[in-house]
Amino acid sequence: MPRQLGELEDAVMTRVWQWNRPVTVREVLEDLQKERSIAYTTVMTVMDNLHQKGWVRREVDGRAYRYTAVSTRAAYSAALMNEAWSTSDNPAAALVAFFGMMSAEQREALQDAMRVVQRDDPATDPATDTATEPAEGDESPGGPGR
0 MPRQLGELED AVMTRVWQWN RPVTVREVLE DLQKERSIAY TTVMTVMDNL
50 HQKGWVRREV DGRAYRYTAV STRAAYSAAL MNEAWSTSDN PAAALVAFFG
100 MMSAEQREAL QDAMRVVQRD DPATDPATDT ATEPAEGDES PGGPGR
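Numbering follows numbering that gives the first Met the number 0, with no gaps: position 138 of the sequence shown is 137.
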């Protein structure tokens, strides 16, 4: 399970995820400097650490590296939520408490996500339900066309 990113790691990864393309230390540095004073070597060290931890892959480009995210922000967030939920001694109560903290918009997004998951789950797809009786007029083993 992934460890939560530190504040500066998150700031760097946010850019890598948002830009969704290979990035250089210089590009990340210049964008971070719009918000704070930070040294090139600091950003380089953070990006190297992210590479060592498996968050980004890198390829040589001249005398520099270009970094690309290994996973998405959504996958990272999902892994953190799953880790937090799985450590609860009462997962159902944890979910109830979590849902209670959600805004109406977040609950609506959750309902949309559940519809997607249920639609993609063969166990909830009526078309794959083997216990269903054939519709009238359908040919089936042992049925009218036998």
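Beta carbons: idealized from backbone N, C-alpha and C, even for Gly.
All values reported here derive from a predicted model rather than from experimental measurement.
Cross-strand partners of residue i (DSSP beta bridge)
i, result
"residue 58", "65"
"residue 42", "Answer is none; residue 42 lacks a bridge partner."
Euclidean distance between Cα positions of residue i and residue j
i, j, result
"residue 49", "residue 8", "7 Å"
"residue 40", "residue 85", "37 Å"
"residue 81", "residue 14", "24 Å"
"residue 66", "residue 79", "23 Å"
"residue 31", "residue 46", "13 Å"
"residue 3", "residue 105", "22 Å"
"residue 102", "residue 63", "44 Å"
"residue 117", "residue 74", "19 Å"
"residue 100", "residue 60", "46 Å"
"residue 56", "residue 107", "35 Å"
"residue 5", "residue 114", "33 Å"
"residue 120", "residue 10", "35 Å"
"residue 88", "residue 94", "12 Å"
"residue 37", "residue 51", "21 Å"
"residue 35", "residue 122", "50 Å"
Close-in-space but distant-in-sequence residues of the same chain around residue i (CB under 6 Å, 5 per side omitted)
i, result
"residue 16", "68, 72"
Distance CB(residue i)-CB(residue j) smaller than 9 Å
i, j, result
"residue 26", "residue 18", "yes"
"residue 76", "residue 54", "no"
"residue 24", "residue 12", "no"
"residue 58", "residue 21", "yes"
Cβ neighbours of residue i in the same chain (closer than 8 Å, five flanking residues each side left out)
i, result
"residue 109", "98, 101"
Check: Which runs of the alpha helix (DSSP H), 4 residues or longer, sit entirely within the segment 10-34?
Finding: 24-31
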